[in-house]
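Residue numbers 11 to 110, in the working numbering, belong to the letters of the sequence shown in order.
The beta-carbon is built from N, C-alpha and C at its ideal position, and this holds for glycine as well.
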Amino acid sequence: MGKAPEIKSCMWMLPNENKIKLCCHGSALGNPGPSGIGIVYRDWEGRVLGTFCKAVGITTNYMAEVNAIIDGVEKAVHQGWKNLWIVSDSTAENTLEIQK
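Encoded structure:
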């Protein structure tokens, strides 16, 4: 295994008041291969409101990322959280905002 790249900088911002930040990620081992997703919800005070992870079967990195975004939004809406800031490192959607 090679050396991990050095992190030059990293910054995390709170969402605006009354907004929920949904951070999600999906990844596949082998691309395609066994894959999974992870989701964290935080409020404007930085409190963790919920987390979720699951396996999503054999798929590509891209589709795992798409699954993470879709599952994240569905679960947020189920909780009544409709004012979302969605963050993903995916090319599927780098950052988007959904208003009621």
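Query                                                                                     : Result
Asp81 beta carbon less than 8 Å from that of Ile47                                        : yes
Proximity to Val58 [Cα-Cα], best of Gly67, Ile68, Lys29, Ser37                            : Lys29
For Gly48: DSSP bridge partner residues                                                   : His35, Cys63
Closest Cα partner of Asn41 within the set Val50, Gly67, Arg52                            : Gly67
Beta carbon of Val83 nearer than 8 Å to that of Leu94                                     : yes
Strand pairing of Ile68, partner residues [DSSP]                                          : Pro44
Residue closest to Ile79, alpha-carbon to alpha-carbon, out of Pro44, Gly90, Tyr51, Glu55 : Tyr51
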